[in-house]
Amino acid sequence: MTEQDNELRTGTGSGRDGDGAAPRVRLRDRDAELRSVEAAIDRLCREFATGGTEIGDLLAFSGRPGIGKTSLLHEVRRIAKLREGTCVLFARGGERQFKEPYHVLRQLLQPVLSDLSADEFRQVMGTWEEVVGPAMGLKQPKAGARRLDPQGVRDGLDYVLTQLAPRRAPMVMIVDDLHWADAESLSWLAKFAVRSGELPVLLVFAFREDENDWPTETQDLRRDILGLKGRKHELNRLNLSSVTDMIRAELGDKAEDAFCYEFWNVVNGNPFEVVALLDQVRDQDLEPVEENSRQLRELAVDAAGMTLKSWLDRLGASTLRFAWACAMLGTDIRVDLATRISTQSTEGARDSIKQLRKQRVLTQAPSGNLEFVHPLIASSIYNTMPEATRLGMHGIAAAEIENAGLGLLAASRHLVETHSGEGDDRIVKKLRRAAVEHQLIGAPEAAQRCLHRALNEPPADAIKAEVLYELGCSALLTDPVATVNQLKLALDPDEVPLRPELRVDATFRLSEVLAHSGELGQAALVCQQEAGQTDDPAGQQRLQAASFMWHAFRKSEEDGPGRSARLGEMCRSLAGREAADRAVLAMRAWDLTLRGEPSSEALALADEVLEGGRLPKGLGWTDTTWGFELPSMLGLTYIYNDRIAQAERLFADAIIQFEIAGWSGAHRGFAYFLMGLARFRRGLLAEAEDFLRRAHRISERVGKKLPLAWDAVGVLVDTLIARGRVEEAWTLANEFGFHPPYHATAMVLPDAASLYGKLLIAKKRHAGAAAALTEAGAQLEIRGWHNTVWAPWAGHLAIAISDDEPERARGYAQKAVQDARGFGTASAIGGALRLQAQVENGEQAVELLEQAVEHLGQSPAAYEHAVALVDLGAALRRVGRLEDAQEYLYQGIELAQHCSAEKLVDQARRELANYGLRPNRLEKRDFRDTLSGPEWEVAKRAAQGVPPQRIADELGVQLSLVNRRLAAVYRKAGSGPDGLASALGMPAQPREEQGE
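Going by the working numbering, the first residue of the sequence shown is number 333, and it counts up by one from there.
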């Protein structure tokens, strides 16, 4: 009860908002606002009763301090609770608690979540229990838990509210003093308010609009709140009649009109100031007559600007000290804590409370604890504390809160306010522990406040670098610039050196954040330099491998072939299969893939990395030793070596692991990108588009034009082209800026110039495509990268120049086929042959396309296979082989429908229609459908290594039929021959054990 009390004193209302329905409070001059409240709650309850779900709304009340926002929200609570079945949640921001993470959200959600049954709780939490539970104070983080990404906590809260709201609907969520909400709560509330209309939830906010009333840390969120759409009401001052009624209710009907008019002018119709000035008038025994009106302004100044002396005179030293303790605690004040912080006896505290309630400073909250009658009073009292007293009492508060079993998280906001400069090792230790706990609930900014305060203590010289290291790591997920600065300080040679293992880790973390910021060359350099200085063999190997990794992701490098040779030498020198050794194997597998070396070599190394088809301990997606780049490299190796099903298993695990860990920023965005790329390579274009758009949205949320955004946009453009939406792809590329010079430092996955060249060809801009692809080829040749799937520049350059320079075009097409055969995967060879066919004519084109179809039929690249089938059908039609053409076009239509390649379907049907052939309308089949009986027969034999001719002989069917069935198997399984057994869950027998 705050502003409501002020009006109750003057006879304008009565009652208190408790667990039951309180008597109605008559608010002055708030009829319009109350009608809006009634209408919003009525609509919510009425539409929910008729089956509505997406019926949420937002009510926002703003106004200057003391204008009556809290009184209005009390009435909102009362009205909502009168509606049967309505769930009413309430929270209030606190001026002293805005640095306490999730303070507001815990007030809102703890009661209702704690009240759920065990089964309901599990259903509401889903997979987010280990993320949302600790953040909301419902459970302790698990032993060994990793730090949470704040975005992961917000995503988890989104899920929880999506599950909770329908179970407790209709729901009214009320937040008072939103301007003092902690940043963690406010950031979620601002985003949730945008989508609250999708749920049966009415949000009600009250806040001050003036930017000076919002903390510096939440100014950006203030703008988000002010920009929300909803029913907004700015509370106006009370009119003269209302103030006159309040004056006469307090001072009697003898108050003269002239006195009341001047009183109203002085307080400017502010309800809080009305009450404060009435206190002064009563204390001074001032008669409410016209001749005393001139004294009101002086009294108002005293009422508004209570000094230390004023409070001492009013309360006395002992009572004021108790009030200081309450002001430090903020809202929902526990009497026992305030008593111990103020160092009073129980009896003394009881007297202080009695006096403070008499002076209308404190009142009793619905919980039974204490609260200030108005936050302005709390601010006034706190601000009168002498600095030494304030610092000392914060120290006492921190100790007493911890002694009361409330934990370091609650105590830490007081610890950071204590006097520094003492060099107290105990304080430093507690602050470091508190920082760890803050990171475990997804509050890195709070962790950083603790560590900054620890540095100011200061820590002992021997551990200062460790504190700097911890400070840098605390900002790893949220503030790259801060991370770089702090880690550089931790590695400063002028500081006491870090322990060797921490120094290696600090260097890797520094390189990691530099790489994620696009500074890949610098990332590789810091690893290389530190590797030359460390004496620890394991640390040296880790940093050398990291240097190789960052070089591999650079847009360009000075000595690509040399780096590859050094990596190969390092790989050959490995003696064991520890996590660090497997990391080197993964890098070498990816290096061989990019270089277009025989696929079997890359896959052999990649398979050595895994244990039972899964990532080994130490190389997991959330493992902090190597980061997510290592398993990403491994997955990319499988994607480009036709083991897409294996890659998809890795990426699905990544999405789950990042969700469980609460890493919902760039980490999960990159996992979505990788899954989208895998789906694209597999020909599942609709699914690919969905994953890629999700990745792009996350990237835009994290930052502008990050490497992840380039990756997602590039493959999304390629996907849209494949689906026939060329204009949409062109618009997306132009709006994003996907054109030369691309990202300044980071390599785009896959090759950006090749993707851009394909787009220009799709737009019939062959001259521009030729220029872009020629430059791409020159750069890739220098680097020694010849993978024609990763960067199909040569085949597409052949198409771009074929009309003007046919012989040169044939040369490039032949080069692409030669490189593809050297790499050896079915999709690489088939794709290159298909492109070569486009620069040939007649029977030569038919022959190349027949080879392309044969190869692509043994790969999981369904879309490429569909294109080759349609191209072959068209080529056969042109040479007059209509019966054969019809068969391939029908197959192409079926496969294109499966891939959601609508434009390709139309193209094939036009080819059929041109020669009077009826395009069949085959039903679109789900790729997850089980294999047919005949397909299982060939699949079992192929998985055991039986060649197609022997399968045909054993089954007594034609070889061409076996090949067609195998093509369907590879497409549905998402794997070529090498990974078929694993993809289908079938044991592969050694070749020597195969039947005769």
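Ideal placement from N, C-alpha and C gives every residue a C-beta, glycine not left out.
Identify the residues that DSSP records as bridge partners of residue i: which are they?
i	result
Glu902	The question names Glu, yet the displayed sequence has Met at residue 902. Paired residue(s): none; Met902 is not in a bridge.
Asp389	Leu534
Cys377	Note: Cys377 sits in no beta bridge, so no partner.
Arg946	Glu943
Arg367	Paired residues: none, contrary to the question.
Ile665	Leu702
Leu694	Phe704
Out of the options, which has the shortest C-alpha to C-alpha gap to residue i?
i	options	result
His883	Gly871, Leu1017, Ala847	Ala847
Asp634	Ser879, Leu1263, Arg975, Asp611	Asp611
Leu723	Leu567, Gly753, Leu702, Ser712	Gly753
Gly648	Leu688, Gln780, Arg898	Leu688
Ala1103	Leu1092, Glu1113, Leu1112	Leu1092
Thr969	Pro948, Pro930, Gln989	Pro930
Asp867	Arg835, Ser879, Met881, Glu386	Arg835
Leu823	Thr810, Ser843, Ala807, Pro812	Ser843
Tyr1220	Ala1206, Ser744, Asp545	Ala1206
Ala918	Thr957, Ala907, Glu961, Ser888	Glu961
Ile1114	Glu789, Asp451, Cys805, Arg927	Arg927
Gly426	Arg479, Val507, Phe393, Gly1154	Val507
Leu391	Thr385, Pro397, Gly384, Arg375	Arg375
Arg682	Ala697, Phe654, Asp1216	Phe654
Gly400	Val485, Ala1160, Asp509	Asp509
Arg1000	Leu1017, Phe1023, Leu609, Leu628	Phe1023
Gly395	Ala538, Leu470, Leu937	Ala538
Met638	Leu1105, Leu708, Pro698	Leu708
Gln818	Met1007, Glu798, Thr1106, Val828	Glu798
Gln978	Met468, Lys474, Asp514, Ala1315	Ala1315
For residue i, does the three-state DSSP call read helix, strand or coil?
i	result
Ile506	strand
Phe524	helix
Glu703	strand
Val607	helix
Ile1114	helix
Ser996	coil
Ala1078	strand
Asp1258	Because Asp1258 carries a pLDDT of 39, less than 50, the predicted location of this residue cannot be relied on, and no value is offered for it.
Arg540	coil
Arg563	strand
Gln876	helix
Leu738	coil
Arg886	strand
Glu308	Summary: the structure shown does not reach residue 308, with the chain confined to residues 333 through 1328, and so no result is reported for it.
Trp958	coil
Gly660	It is worth fixing the name first, because residue 660 is Met in this sequence and not Gly. Here Met660 sits in helix by DSSP.
Phe1070	coil
Ala353	In this predicted model, Ala353 has a pLDDT of only 42, less than 50, meaning its place in the structure is not dependable; the value taken from the coordinates is given anyway. Three-state result, Ala353: coil.
Val621	coil
Gln551	helix
Pro832	helix
Trp1062	helix
Met717	coil
Ile773	coil
Please decide whether residue i counts as near chain C, where near means a Cβ-Cβ distance under 7 angstroms.
i	result
Glu549	The displayed structure is made up of one protein chain only, and chain C is not part of it.
For the segment 403-415 against the segment 632-651, are there 3 or more C-beta pairs whose distance is under 8 angstroms? no
Between the segment 1296-1307 and the segment 1270-1279, are three or more C-beta pairs nearer than 8 angstroms? yes
Extract the residue ranges of the beta strand (DSSP E) inside the segment 377-464, only unbroken runs of 3 or more that lie entirely within it. 389-394, 419-424
Count Cβ pairs between the segment 413-420 and the segment 560-569 that sit closer than 8 angstroms; are there 3 or more? no
Assess contact between the segment 795-812 and the segment 516-532, defined as three or more Cβ pairs (one per stretch) separated by less than 8 angstroms. Is contact present? no
Inspect the CB distances between the segment 986-993 and the segment 947-963 and report whether three or more fall short of 8 angstroms. yes
Can we say the segment 479-495 touches the segment 993-1005, given the rule of at least three CB pairs closer than 8 angstroms? yes
Does the segment 1063-1082 come into contact with the segment 885-905, if we say contact requires no fewer than three beta-carbon pairs (one atom in each stretch) closer than 8 angstroms? yes
Contact between the segment 575-594 and the segment 541-550 (3+ Cβ pairs under 8 angstroms): no
Is there contact between the segment 588-601 and the segment 566-573, where contact requires at least three CB pairs shorter than 8 angstroms? yes
Within the chosen definition, does the segment 1152-1164 reach the segment 1196-1212 through at least 3 CB pairs nearer than 8 angstroms? yes
Could you pull out every unbroken alpha helix (DSSP H) segment of at least 4 residues lying fully inside the segment 761-822, listed in chain order? 776-788, 793-806, 812-822
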